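Position 12 of the sequence shown, counting from 1, maps to 12 under the working numbering, and the rest follow consecutively. Every residue gets a Cβ at the ideal spot worked out from N, C-alpha and C, and that includes glycine. Quick caveat, the model's predicted, so the values are computed rather than measured. Okay, structure first, notes after.
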Amino acid sequence: MDQIAYTANERSPAVPPWLNKGDNAWQLTASTLVGIQSMPGLVILYASIVKKKWAVNSAFMALYAFAAVLICWVLLCYRMAFGDQLLPFWGKGAPALGQKFLIIRAKVPESRHRLTNGNYDTTEPFYPMASLVYFQFTFAAITLILLAGSVLGRMNIRAWMAFVPLWLIFSYTVGAFSLWGGGFLYHWGVIDYSGGYVIHLSSGIAGLTAAYWVGPRLKSDRERFPPNNVLLMLAGAGLLWMGWSGFNGGAPYAANIDSSIAVLNTNVCAATSLLVWTCLDVIFFGKPSVIGAVQGMMTGLVCITPGAGLVQSWGAIVMGMLSGSVPWASMMILHKKCSWLQQVDDTLGVFHTHAVAGLLGGLLTGLLAEPELCRLILPRDTRGAFYGGNGGTQFFKQIVAALFVAAWNVVSTTIILLVIRLFIPLRMPDKQLEIGDDAVHGEEAYALWGDGEKYDPTKHGWHTGSNSEVTAPSRYANAATGVTISL
């Protein structure tokens, strides 16, 4: 293909003066890493961590959410979260599809703030709006997919298909605009570096609320829900962990010093949390759990997110120690002693791994945010309570913001589900719940027997006598007939 050649003194119209190629390359890379966390990371993780009969359904819920969020995001929701203000907590919805909008320099219009020297500044990264739109989409998508973890194994797929766009519009965009897009919490000075509140506290609280309204799984599924493939689960978890470097490393909107600090702290905290959770499993249950290690990894990644580029690396270790123990205690001790939590069937414990860990991270950021690191990226003089000055006020702001996010998600999720329930049952009928994927999708993940069972010839397969030939019965009319030879 022919290309236009430019001399040293000429500039391509595709490379305007404000474009920083390094920043743009990193932002697109970070976006891809976060996208991989969902597709295929959480798709694989969900498909393998659930009972075999729910593998297809669980993967499909994540797959659908990823696609649906993208279309809603560019049609309406991006500018509700990062556009012009409609209300102090909500932006004006509008499409983000036009060429003139996408090729201009990225800007968050309501982020205009006053600096300590009296001048004003606005968040304007050195790359096009298209890069920012896609980066923020990947955050919105993973929030819905994390929420899905609370209702796996019983939510009506049609209800889920209606829930995703409604929750994105009426819940996610409110938190995103309030904390990131120039809303009232942003201008008040609340810290949420990369989504401890916007993503994790929101998905955990909304997930628990959704689990309450949808109702529980079958009793047999609640009592016995073994993962169908532990090794595949680890592969999904690995994609999630490695992708988190883009999750927190892309938050500064630039390939700068703070991005490097965020990536290092993210991995340090995750490793510490995994080790602490594993040690607690060994101490109290006598053996290490692979699922427990994945949960510890997850809580560490979640906990560091609200302060990844703002705390020192020793602070990341402290946060990892607490994120490996506090959510462990809430899941293993508090959950068993709280009758209400036992009644609400949160399939993957999203409340503990995301709401508790996200809240913990937000509060610890209010304590450990280091002043010099804060000056690298935050618009005002900010510090954690441990550094004196106005740090105590910062900790108070973190508490208030958490209460607002939690309350909004409880109310909005409840209203959305009650409205959907008027038209579509939220829970699958028991007959579908007994069968699983084959009843819901007409497909199965594995052509194997049982759910975590060892092969038993008296239970699995079709047998007559020895050295006999029998035909395996088909569930489908006019289907091909399988033949089993007993040797």
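Quick check: the Cα distance between residue i and residue j, rounded to an integer number of angstroms?
{"i": "N265", "j": "R114", "result": "29 Å"}
{"i": "V15", "j": "G22", "result": "12 Å"}
{"i": "L433", "j": "L76", "result": "35 Å"}
{"i": "L86", "j": "K92", "result": "5 Å"}
{"i": "V214", "j": "W54", "result": "17 Å"}
{"i": "N119", "j": "S412", "result": "38 Å"}
{"i": "I283", "j": "S289", "result": "12 Å"}
{"i": "S202", "j": "P379", "result": "25 Å"}
{"i": "D345", "j": "T299", "result": "20 Å"}
{"i": "L417", "j": "T209", "result": "9 Å"}
{"i": "W18", "j": "I104", "result": "10 Å"}
{"i": "A130", "j": "G384", "result": "34 Å"}
{"i": "A262", "j": "M332", "result": "30 Å"}
{"i": "G204", "j": "Q342", "result": "16 Å"}
{"i": "V174", "j": "H200", "result": "14 Å"}
{"i": "M61", "j": "V151", "result": "10 Å"}
{"i": "E190", "j": "F404", "result": "It is Val, not Glu, that sits at residue 190 in the sequence shown. So the alpha carbons of these two residues sit roughly 12 Å apart."}
{"i": "V43", "j": "F386", "result": "40 Å"}
{"i": "A141", "j": "W244", "result": "14 Å"}
{"i": "S111", "j": "V419", "result": "34 Å"}
{"i": "A357", "j": "L97", "result": "35 Å"}
{"i": "L232", "j": "I49", "result": "8 Å"}
{"i": "Q260", "j": "W26", "result": "Checking the sequence, you will find Ser at residue 260 rather than Gln. S260 and W26: Cα-Cα distance of roughly 12 Å."}
{"i": "L147", "j": "M39", "result": "15 Å"}
{"i": "Y446", "j": "T122", "result": "53 Å"}
{"i": "Y253", "j": "F137", "result": "14 Å"}
{"i": "Q394", "j": "T382", "result": "7 Å"}
{"i": "D258", "j": "P371", "result": "13 Å"}
{"i": "A67", "j": "E444", "result": "22 Å"}
{"i": "A211", "j": "Q99", "result": "41 Å"}
{"i": "L63", "j": "W340", "result": "31 Å"}
{"i": "M161", "j": "A439", "result": "17 Å"}
{"i": "L218", "j": "L426", "result": "14 Å"}
{"i": "P226", "j": "P109", "result": "48 Å"}
For residue i, which of the options has the nearest alpha-carbon?
{"i": "L28", "options": "I145, P125, M297", "result": "P125"}
{"i": "K51", "options": "A385, G153, P17, I104", "result": "G153"}
{"i": "G324", "options": "C269, C374, W18", "result": "C269"}
{"i": "A407", "options": "V198, L280, L363", "result": "V198"}
{"i": "A94", "options": "I103, M80, L360", "result": "M80"}
{"i": "W180", "options": "P88, S38, D438", "result": "P88"}
{"i": "N20", "options": "N256, K100, A251, N248", "result": "N256"}
{"i": "L360", "options": "T347, L348, A316", "result": "A316"}
{"i": "G195", "options": "L102, I304, F386, L376", "result": "I304"}
{"i": "N228", "options": "R112, A59, L63, A357", "result": "A59"}
{"i": "P13", "options": "P128, T143, P216", "result": "P128"}
{"i": "K107", "options": "F82, R158, L422", "result": "F82"}
{"i": "A329", "options": "V276, L218, N24, G41", "result": "V276"}
{"i": "F488", "options": "L132, T143, L426, A30", "result": "Lying before the first or after the last residue shown, residue 488 is absent from the chain, which here runs from 1 to 487."}
{"i": "Y46", "options": "D438, I145, F66, D192", "result": "I145"}
{"i": "F139", "options": "Y193, D437, M161", "result": "Y193"}
{"i": "P327", "options": "W340, Q312, S339, V302", "result": "V302"}
{"i": "K242", "options": "Q37, N24, W160", "result": "It is worth fixing the name first, because residue 242 is Met in this sequence and not Lys. Closest by alpha carbon: Q37."}
{"i": "T143", "options": "K431, I169, A159", "result": "I169"}
Is residue i near the ligand HEM, judged by its Cβ being under 8 Å from some heavy atom?
{"i": "P88", "result": "The ligand HEM is not part of this structure, which contains no ligands at all."}
Taking residue i and residue j to be in contact with their CB atoms under 8 Å, please state how far apart those CB atoms are, rounded to whole angstroms.
{"i": "G207", "j": "F135", "result": "Rounded, the Cβ-Cβ distance is 24 Å, inconsistent with contact."}
{"i": "G35", "j": "L348", "result": "Wrong, their Cβ atoms sit about 21 Å apart, outside the cutoff."}
{"i": "I373", "j": "G309", "result": "Per the sequence shown, residue 373 should be read as Leu rather than Ile. About 7 Å separates the two Cβ atoms, so the contact holds."}
{"i": "I435", "j": "N156", "result": "Wrong, their Cβ atoms sit about 14 Å apart, outside the cutoff."}
{"i": "V376", "j": "G246", "result": "Sequence check: residue 376 is Leu here, not Val. L376 to G246, Cβ: 19 Å. No contact."}
{"i": "P306", "j": "G362", "result": "5 Å"}
{"i": "F177", "j": "W90", "result": "6 Å"}
{"i": "H441", "j": "V56", "result": "5 Å"}
{"i": "N409", "j": "S171", "result": "6 Å"}
{"i": "R222", "j": "P216", "result": "6 Å"}
**Asked** Which full runs of the alpha helix (DSSP H) of 4+ residues lie inside the stretch 315-358, going along the chain?
**Response** 326-329, 339-343
**Prompt:** Hey, is the stretch 162-182 in contact with the stretch 59-71, meaning 3+ C-beta pairs nearer than 8 Å?
**Reply:** yes
**Prompt:** Are the stretch 180-187 and the stretch 382-390 in contact at 8 Å, needing three or more beta carbon pairs?
**Reply:** no
**Message:** Check whether the stretch 316-335 and the stretch 269-285 are in contact - that is, three or more C-beta pairs closer than 8 Å.
**Reply:** yes
**Prompt:** Can at least three beta-carbon pairs, one atom from the stretch 293-308 and one from the stretch 224-239, be found at a separation below 8 Å?
**Reply:** yes
**Asked** Is the number of C-beta pairs between the stretch 352-371 and the stretch 395-403 that are closer than 8 Å three or more?
**Response** yes
**Request:** For the stretch 77-135, list the beta strand (DSSP E) runs that are entirely contained and at least 3 residues long, ordered along the chain.
**Result:** 85-87
**Prompt:** Curious, which full-length alpha helix (DSSP H) runs of at least 4 residues does the stretch 172-212 contain?
**Reply:** 173-179, 184-188
**Request:** Say whether the stretch 273-281 touches the stretch 341-355, bearing in mind that this needs 3 or more beta-carbon pairs closer than 8 Å, one atom from each stretch.
**Result:** no
**Message:** List, from N- to C-terminal side, the alpha helix (DSSP H) runs of 4 residues or more that fit wholly inside the stretch 368-450.
**Reply:** 371-377, 391-421, 430-435, 437-440
**Message:** Going residue by residue through the stretch 132-161, where are the continuous alpha helix (DSSP H) segments of at least 4 residues, counting only ones entirely within it?
**Reply:** none
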